[in-house]
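Engineer: Starting off with a structure, shown below.
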Amino acid sequence: MSLLDLSIAEMARGLRDREFSSVELVEAAYQQIDRLDGELGAFLRTTRDQALAQASVCDRELAVSPDGRGELYGIPVAYKDVLCTQGVETTAASRILSGFIPPYSATVVERMESQGAIALGKLNCDEFAMGSSNENSAFQQTRNPWATDRVPGGSSGGSAVAVSARMAAATLGSDTGGSIRLPASFCGVVGVKPSYGRVSRYGLIAFASSLDQVGPLTKTVADSALVLGAIAGEDPHDATSSQAPVASYQDAIGQGVSGLRVGIPKEYLAMGIEPGVRRVFDQAAQWLEAEGARLVEVSLPSTEYALAAYYVIAPAEVSSNLARMDGVRFGPGFGGATNLGDAYEHARHQGFGGEVRRRITLGTYVLSSGYYDAYYLRAQKVRTLVAQDFERVFSEVDCVISPTAPTAAFRLGERLADPLAMYATDLLTLPANLAGISGISVPAGFSDALPVGLQVLGPYLGEATCFRVAAQVEAAADIWRVGPETAGAAEEGV
Amino acid sequence: MSRQWEAVIGLEVHAQLLTESKMFCGCRAQYLGLPPNSNTCPVCLGLPGTLPVMNRAAVEMTIRTALALNCEIPEFTKFDRKNYFYPDLPKGYQISQYDLPLSLNGCLEFEVGGRVVRAGITRVHLEEDAGTLHHAGEIHTSSFSLVDLNRAGVPLMEIVGEPDLRHPEEAPAYLAALRQTLMYLGVNDGNMEEGSLRCDANISLREKGSSVLGAKVEVKNMNSFRSIQRALEFEFQRQADLLEQGRKVAQETRGWSDLEQVTVSQRSKEEAQEYRYFPEPDLPPLRVARDYVERIREALPELPRAKRVRLRESYSLAEDQARVIAESPEDAAYFEAVVEAGADPRSAANWQVQNLQALCNASKIRVADCRIPPVALARLVQLVDQDQVSGVVAKDVLAECFVSGDAPAELIASRGLAQVSDQRQLRELVEQAVTANSKAALDYQAGNDKALNALVGFVMAASRGKANSKMVSQLLRERLPRS
Numbered sequence: 001m002s003l004l005d006l007s008i009a010e011m012a013r014g015l016r017d018r019e020f021s022s023v024e025l026v027e028a029a030y031q032q033i034d035r036l037d038g039e040l041g042a043f044l045r046t047t048r049d050q051a052l053a054q055a056s057v058c059d060r061e062l063a064v065s066p067d068g069r070g071e072l073y074g075i076p077v078a079y080k081d082v083l084c085t086q087g088v089e090t091t092a093a094s095r096i097l098s099g100f101i102p103p104y105s106a107t108v109v110e111r112m113e114s115q116g117a118i119a120l121g122k123l124n125c126d127e128f129a130m131g132s133s134n135e136n137s138a139f140q141q142t143r144n145p146w147a148t149d150r151v152p153g154g155s156s157g158g159s160a161v162a163v164s165a166r167m168a169a170a171t172l173g174s175d176t177g178g179s180i181r182l183p184a185s186f187c188g189v190v191g192v193k194p195s196y197g198r199v200s201r202y203g204l205i206a207f208a209s210s211l212d213q214v215g216p217l218t219k220t221v222a223d224s225a226l227v228l229g230a231i232a233g234e235d236p237h238d239a240t241s242s243q244a245p246v247a248s249y250q251d252a253i254g255q256g257v258s259g260l261r262v263g264i265p266k267e268y269l270a271m272g273i274e275p276g277v278r279r280v281f282d283q284a285a286q287w288l289e290a291e292g293a294r295l296v297e298v299s300l301p302s303t304e305y306a307l308a309a310y311y312v313i314a315p316a317e318v319s320s321n322l323a324r325m326d327g328v329r330f331g332p333g334f335g336g337a338t339n340l341g342d343a344y345e346h347a348r349h350q351g352f353g354g355e356v357r358r359r360i361t362l363g364t365y366v367l368s369s370g371y372y373d374a375y376y377l378r379a380q381k382v383r384t385l386v387a388q389d390f391e392r393v394f395s396e397v398d399c400v401i402s403p404t405a406p407t408a409a410f411r412l413g414e415r416l417a418d419p420l421a422m423y424a425t426d427l428l429t430l431p432a433n434l435a436g437i438s439g440i441s442v443p444a445g446f447s448d449a450l451p452v453g454l455q456v457l458g459p460y461l462g463e464a465t466c467f468r469v470a471a472q473v474e475a476a477a478d479i480w481r482v483g484p485e486t487a488g489a490a491e492e493g494v
Numbered sequence: 001m002s003r004q005w006e007a008v009i010g011l012e013v014h015a016q017l018l019t020e021s022k023m024f025c026g027c028r029a030q031y032l033g034l035p036p037n038s039n040t041c042p043v044c045l046g047l048p049g050t051l052p053v054m055n056r057a058a059v060e061m062t063i064r065t066a067l068a069l070n071c072e073i074p075e076f077t078k079f080d081r082k083n084y085f086y087p088d089l090p091k092g093y094q095i096s097q098y099d100l101p102l103s104l105n106g107c108l109e110f111e112v113g114g115r116v117v118r119a120g121i122t123r124v125h126l127e128e129d130a131g132t133l134h135h136a137g138e139i140h141t142s143s144f145s146l147v148d149l150n151r152a153g154v155p156l157m158e159i160v161g162e163p164d165l166r167h168p169e170e171a172p173a174y175l176a177a178l179r180q181t182l183m184y185l186g187v188n189d190g191n192m193e194e195g196s197l198r199c200d201a202n203i204s205l206r207e208k209g210s211s212v213l214g215a216k217v218e219v220k221n222m223n224s225f226r227s228i229q230r231a232l233e234f235e236f237q238r239q240a241d242l243l244e245q246g247r248k249v250a251q252e253t254r255g256w257s258d259l260e261q262v263t264v265s266q267r268s269k270e271e272a273q274e275y276r277y278f279p280e281p282d283l284p285p286l287r288v289a290r291d292y293v294e295r296i297r298e299a300l301p302e303l304p305r306a307k308r309v310r311l312r313e314s315y316s317l318a319e320d321q322a323r324v325i326a327e328s329p330e331d332a333a334y335f336e337a338v339v340e341a342g343a344d345p346r347s348a349a350n351w352q353v354q355n356l357q358a359l360c361n362a363s364k365i366r367v368a369d370c371r372i373p374p375v376a377l378a379r380l381v382q383l384v385d386q387d388q389v390s391g392v393v394a395k396d397v398l399a400e401c402f403v404s405g406d407a408p409a410e411l412i413a414s415r416g417l418a419q420v421s422d423q424r425q426l427r428e429l430v431e432q433a434v435t436a437n438s439k440a441a442l443d444y445q446a447g448n449d450k451a452l453n454a455l456v457g458f459v460m461a462a463s464r465g466k467a468n469s470k471m472v473s474q475l476l477r478e479r480l481p482r483s
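What follows is the structure, encoded as structure tokens:
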């Protein structure tokens, strides 16, 4: 048992009541990291001295005035390495950014800090968040704590593992096509993809600017609601951030689902869902129905084109977003090149991994004159159709549920040789990014002892509904206290 | 037999906007003279994770310019990324506008050789400037390239002209009119040397009377009015020679060498950049409200041509005078203040254009910035017009006050420089002149008109310039009647 098994609300109560200190919490987190992360590989780097110093400041402050603090005060958290942290190396798990120490912090990091959250370090991910298994990191392999021969999911694999293995109370990830929800599902934690513009992207190293969103990964739905509440809202540094007021997410929890119309998209269930995953999904749907939700079959006919459109739009933006990584200011240098073209080629070939290069090439191709209309423009039209599908469906139902992924965590290396199979991992998650709507993955059960998440999609800025439904599933499943180690311990005890 | 060739020329002008801050961050837009890379922040350095936030003033200045150039302002506009690699471009793309610019379809009227020419403006759009590179001498021989990003992200307006110019000499005239308009609008400082105003040209040749366009050559690196005209004259001749020889003109980009006075091929059509434009996802498209546009239109200042016409007509000025006075709105305001203070408009114009302007030119300052306030010049002009001071003295006084900042009228009074119009005093001087120059007196009487000048000159010298020269001539004629 670790202090990190507690929910954030419980940690906050413990801090306020002086049951334990923030330093103890942070030390407990590092104990977990020291014990487990050698094998799990979630952290790229830790900032222990800084974190402990901050924690002792929090403890002093709490001693002076224990009340009136936000619930994140003194809580150990960690950030995916695509989020810039002032003074702390930030690499996006890419060699080309090795040694890059940002002189500024992402808005979400600043907001977490201003709430008193304590950063433990930076979390591994797929290089520039491109991948579904976390196998594309330039630096290390992250393993699924439930079965270390399996992937944690990607790209926010480190973020999911850190929470799942009780190494951090909450983490931030980023979701461009499912990169929060998928690893959350594979690792048995809650992960939120906010509506596009709900959370500032300033300081998030861009993958695909029109699709990226930062969101929390936590053990409980309430914890995610808390963290999202802390980071959401307009940011003057991000022109695409929404000016709409931030809903009270925590109030949505515990409202129940009675009277909610819950859509089940038939196209999603036709996507080759593994039987074990399907069983968990059906069970979750039954729970919701039993609690008074009305299940409605709905149709999202553009779904079959979404993946193709995504793999045109996202690479197009990648090819442009990653152009600044030109070796002039970051990266492995020019390797003695004698002209500019060779210099760029050397820096970018040495600096980028295979998947990143693949997507840059794809994106460069689809934006080239002569191909732009056939690919990029057509993909944008499909994107509009996908968004219209959801708009229509959300006029009929309050939210949509599906499995988060067709399968549970797959084995390391299993899909590496087949990019298309890897891309298909995101079939159920990426339409939400194309449409810019809200989504969450909540642990709903197990398939062969591997966690399985339920995805709840809500309308644009419909996060509160997602939390409401996810909280109901969480309550019914009653598994959030079961971590990968406690599950193992329980088995051993039998 | 040589055929008649006609040039088809269009100019592309880039003008840095005089905003306080850069286009997407809070760094200063005025970067000249600052230590390298000191005027930067994570946003204009293009650090990973940073995002642009649009400078509203830059949008407004672009719309103001577009309206002054008679452009349409569409209700919907967006920004696009122009992708290319170069070390002065920190993001690897330039935020610009591609298919939906802020404005379209305008025109500019300008004068050249007494003719009024109307040239179309294709579009005025907004983009960001790049940084600068520094080398030891020439880029091709330097062993290093140093990147300075102080300029990166400065708002830059691109004004694309239709290919409506037909002679190389129309290009500098067009550019001068455009430059003046931008300066009138307060959106650009007009400094071509420092590069805050830059000009590229497209030129092709066709047979006179033909409507078929020839291969287009883009000419770059022209940083003065003179080099623009010389470059285009050179290109005209080069292309005409090729065509005369039955050869083809290659579609390419050429650079003007001021040193060699030639254009040199830089990039062929095959090497043309593929910019892979696509909509900038970090900036939401802009909806340009009609009432916003109308407010900007209503606040437009009087533009150069309108001001010239008004000055000419309401003050009965000569065309040339009106042109000089309307060179800048500040100079025109100076002139109108002189008139307002009581000076006769035509006298005021003469004094401003001929005397004050010359002094200012010599000191490289603008009339509006000189140490003679309009009221003081008005008083001086009045004194001359009322024969209270001679023109010669007034001119010297003006030159002195220009330096010292003293009031001319006070200087005239304190030094006793007022013009002598007293008949008795002047008659005495005339007598002395006739006595001392008896030969000139006789010559005059013998019919040599020029001889009178020597006598007047004597009187003026004797009076140290104060004598009323008109009266002196009159008195001399009376004194030396011709039979």
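Respectively, the protein sequence lines represent chains Y and C. Counted the way the numbering used here counts, the first sequence spans residues 1 to 494. Counted the way the numbering used here counts, the second sequence spans residues 1 to 483. All C-beta atoms, glycine included, are put in the ideal place defined by N, C-alpha and C. These numbers were taken from a predicted model, which means no experiment stands behind them.
(1) Quick check for students: name the residue ranges of the alpha helix (DSSP H) that lie wholly in the stretch 33-107 of chain Y, counting only runs of 4 or more.
(2) Which of the three DSSP states is assigned to isoleucine 412 (chain C) in this structure?
(3) Is glutamate 128 (chain C) close to chain Y, meaning its C-beta is less than 8 Å from at least one C-beta of that chain?
(4) Roughly how many angstroms separate the alpha carbons of glutamine 425 (chain C) and serine 469 (chain C), rounded to a whole number?
(5) Can you give the beta carbon distance from valine 420 (chain C) to alanine 467 (chain C), rounded, assuming they're within the 8 Å contact cut?
(6) Could you name the residues of the same chain whose beta carbon sits closer than 7 Å to that of glycine 465 (chain C), not counting the 5 residues immediately before and after it, in chain order?
(7) Within 10 Å of its beta-carbon, does lysine 208 (chain C) have 16 or more other beta-carbons around it, so buried, or fewer, so exposed?
(8) Buried or exposed: which applies to glycine 131 (chain Y), given that a residue is buried once 16 or more other Cβ atoms fall within 10 Å of its Cβ?
(9) If we define contact as Cβ-Cβ less than 8 Å, is glutamate 60 (chain C) a contact residue for chain Y?
(10) Which residues in chain C sit within 7 Å of phenylalanine 139 (chain Y), going by Cβ to Cβ distance?
(11) Does the beta carbon of cysteine 125 (chain Y) sit closer than 8 Å to a beta carbon anywhere in chain C?
(12) Identify each residue in the stretch 88-104 of chain C for which the Cβ-Cβ distance to at least one residue of chain Y is less than 7 Å, and report them in chain order.
(13) Since I believe isoleucine 9 (chain C) is in contact with alanine 171 (chain C) (beta carbons under 8 Å), could you give me their beta-carbon distance rounded to a whole number of angstroms?
(14) Only counting the same chain, and skipping five residues up and downstream in sequence, which positions put a Cβ closer than 6 Å to that of glutamate 267 (chain Y)?
(15) Suppose the cutoff is 6 Å on Cβ atoms and the five residues either side in sequence are ignored; what does the same chain contact list for aspartate 129 (chain C) look like?
(16) Against chain C, with Cβ distances strictly below 8 Å, would aspartate 5 (chain Y) count as a contact?
(17) Which same chain residues, not among the five before or five after glycine 121 (chain Y), have their C-beta less than 6 Å away from its C-beta?
(18) Among C:Glu280, C:Ser145 and C:Gln180, which residue has its Cα nearest to the Cα of leucine 133 (chain C)?
(19) Is lysine 395 (chain C) buried or exposed, if buried means 16 or more other CB atoms sit within 10 Å of its CB?
(20) CB threonine 220 (chain Y) to CB valine 190 (chain Y), shorter than 8 Å?
(21) Which value, in whole angstroms, describes the spacing of the CA atoms of valine 57 (chain Y) and alanine 15 (chain C)?
(22) Using a Cβ-Cβ cut-off of less than 7 Å, give me the residues of the stretch 182-203 of chain Y that come near chain C, in sequence order.
(23) Alpha carbon to alpha carbon, how far is alanine 378 (chain C) from alanine 177 (chain C)?
(24) Give the secondary structure of serine 257 (chain C) by DSSP, where H, G and I count as helix, E and B as strand, and everything else as coil.
(25) Would you please verify whether the beta carbon of threonine 240 (chain Y) is less than 8 Å from any beta carbon of chain C?
(26) Of all the residues that make up the stretch 261-288 of chain C, which are near chain Y by a beta-carbon distance shorter than 7 Å?
(27) Can you look up glutamate 492 (chain Y) in the DSSP assignment and give me helix, strand or coil?
(28) 8 Å is my cut-off, CB to CB: does proline 315 (chain Y) come that close to chain C?
(29) Got a sec: is the Cβ-Cβ distance from cysteine 399 (chain Y) to anything in chain C below 8 Å?
(30) What is the residue span of the beta strand (DSSP E) that histidine 134 (chain C) lies within?
(31) May I have the straight-line CA-CA distance separating glycine 113 (chain C) from proline 285 (chain C), to the nearest angstrom?
(32) Could you check whether valine 214 (chain Y) and valine 88 (chain Y) sit closer than 8 Å to each other, using their CB atoms as the reference points?
(33) Can you tell me whether serine 227 (chain C) is buried or exposed, with buried defined as 16 or more other CB within 10 angstroms of its CB?
(34) For the candidate residues C:Leu429, C:Ala337 and C:Val384, whose alpha-carbon lies nearest to that of proline 373 (chain C)?
(35) Can you tell me whether DSSP reads threonine 62 (chain C) as helix, strand or coil?
(36) Within the continuous alpha helix (DSSP H) that includes proline 145 (chain Y), where are the two ends?
Structural biologist: So, from the data block:
(1) 48-64
(2) Along the second sequence, read from residue 1 onward, the residue named residue 412 (chain C) stands at position 412. Correct three-state label for isoleucine 412 (chain C): helix.
(3) Working through the second sequence from its first residue, we reach residue 128 (chain C) at position 128. It does not: the Cβ of glutamate 128 (chain C) has no partner Cβ on chain Y nearer than 8 Å.
(4) Start at 1 with the first residue of the second sequence, and residue 425 (chain C) comes out as number 425. Start at 1 with the first residue of the second sequence, and residue 469 (chain C) comes out as number 469. About 13 Å.
(5) Sequence index remark: in the second sequence, residue 420 (chain C) carries index 420 (1-based). Sequence index remark: in the second sequence, residue 467 (chain C) carries index 467 (1-based). Yes, they are in contact, since the Cβ atoms of valine 420 (chain C) and alanine 467 (chain C) sit about 5 Å apart, within 8 Å.
(6) Within the second sequence, numbered from 1, the residue matching residue 465 (chain C) stands at position 465. So the qualifying residues of the chain are Ser390, Val392 and Val393.
(7) By 1-based counting over the second sequence, the position of residue 208 (chain C) is 208. Under this definition lysine 208 (chain C) is an exposed residue.
(8) One-based indexing of the first sequence puts residue 131 (chain Y) at position 131. So glycine 131 (chain Y) ends up on the buried side.
(9) Position 60 of the second sequence, counting from 1, holds the residue named residue 60 (chain C). No - not a single Cβ of chain Y is within 8 Å of the one on glutamate 60 (chain C).
(10) Here the question's residue 139 (chain Y) lines up with position 139 in the first sequence. None at all; the shortest Cβ gap to chain C is about 17 Å.
(11) Taking the first sequence and counting its residues from 1, one reaches residue 125 (chain Y) at position 125. No, because no Cβ of chain C sits closer than 8 Å to the Cβ of cysteine 125 (chain Y).
(12) Pro90, Lys91, Gly92 and Tyr93
(13) The residue labelled residue 171 (chain C) in the question sits at position 171 within the second sequence. The residue labelled residue 9 (chain C) in the question sits at position 9 within the second sequence. Their Cβ separation, rounded to whole angstroms, is 6 Å, which keeps alanine 171 (chain C) and isoleucine 9 (chain C) in contact under 8 Å.
(14) Position 267 of the first sequence, counted from the first residue, corresponds to residue 267 (chain Y). Leu300 and Thr303, listed in sequence order.
(15) Here residue 129 (chain C) is taken as the residue at index 129 of the second sequence, counted from 1. The residues are Arg151, Val154 and Leu156.
(16) Taking the first sequence and counting its residues from 1, the one referred to as residue 5 (chain Y) is at position 5. So, not an interface residue.
(17) Counted from its first residue, the first sequence places residue 121 (chain Y) at position 121. So the list reads Phe43, Arg45, Thr46, Thr47 and Ala78, once near-sequence residues are dropped.
(18) Sequence index remark: in the second sequence, residue 133 (chain C) carries index 133 (1-based). Cα-wise, what sits closest to leucine 133 (chain C) is C:Ser145.
(19) The residue given as residue 395 (chain C) occupies position 395 in the second sequence. The residue in question, lysine 395 (chain C), is buried, as its Cβ has 16 or more Cβ neighbours within 10 Å.
(20) Here residue 220 (chain Y) is taken as the residue at index 220 of the first sequence, counted from 1. Here residue 190 (chain Y) is taken as the residue at index 190 of the first sequence, counted from 1. The answer is yes: Cβ separation under 8 Å.
(21) Against the first sequence, residue 57 (chain Y) aligns to sequence position 57. Against the second sequence, residue 15 (chain C) aligns to sequence position 15. Taking the straight line from one Cα to the other gives about 52 Å.
(22) Arg201, Tyr202 and Gly203
(23) Stepping through the second sequence from its first residue, residue 378 (chain C) is reached at position 378. Stepping through the second sequence from its first residue, residue 177 (chain C) is reached at position 177. Using only the alpha carbons, I get a separation of about 30 Å.
(24) Working through the second sequence from its first residue, we reach residue 257 (chain C) at position 257. Note: serine 257 (chain C) maps to strand in three-state DSSP.
(25) Counting from one through the first sequence, the residue named residue 240 (chain Y) turns up at place 240. It does: the Cβ of threonine 240 (chain Y) has a partner Cβ on chain C nearer than 8 Å.
(26) Glu274, Arg276, Phe278, Pro281, Asp282, Leu283 and Pro284
(27) Indexing the first sequence from 1 puts residue 492 (chain Y) at position 492. Summary for glutamate 492 (chain Y): the model assigns pLDDT 43, below 50, so the residue's position carries little reliability, and this model does not support an answer.
(28) The count along the first sequence starts at 1 and reaches residue 315 (chain Y) at position 315. Output row for proline 315 (chain Y): interface = no.
(29) The count along the first sequence starts at 1 and reaches residue 399 (chain Y) at position 399. It does not: the Cβ of cysteine 399 (chain Y) has no partner Cβ on chain C nearer than 8 Å.
(30) Working through the second sequence from its first residue, we reach residue 134 (chain C) at position 134. It spans 132-134 - the beta strand (DSSP E) in which histidine 134 (chain C) sits, taken as one unbroken run.
(31) Residue mapping note: residue 113 (chain C) aligns to position 113 of the second sequence, counting from 1. Residue mapping note: residue 285 (chain C) aligns to position 285 of the second sequence, counting from 1. Glycine 113 (chain C) and proline 285 (chain C): Cα-Cα distance of roughly 44 Å.
(32) Residue mapping note: residue 88 (chain Y) aligns to position 88 of the first sequence, counting from 1. Residue mapping note: residue 214 (chain Y) aligns to position 214 of the first sequence, counting from 1. No. Outside cutoff.
(33) Numbered from 1 along the second sequence, position 227 holds the residue referred to as residue 227 (chain C). Buried.
(34) Taking the first residue of the second sequence as 1, we reach residue 373 (chain C) at position 373. Proline 373 (chain C) has its Cα closest to that of C:Ala337, out of C:Leu429, C:Ala337 and C:Val384.
(35) Locating residue 62 (chain C) in the second sequence gives position 62, counting from the first residue. Threonine 62 (chain C) falls in the helix class under three-state DSSP.
(36) In the first sequence, the residue the question calls residue 145 (chain Y) occupies position 145. Where proline 145 (chain Y) is concerned, there is no enclosing alpha helix (DSSP H), given that its DSSP letter is neither H nor E.
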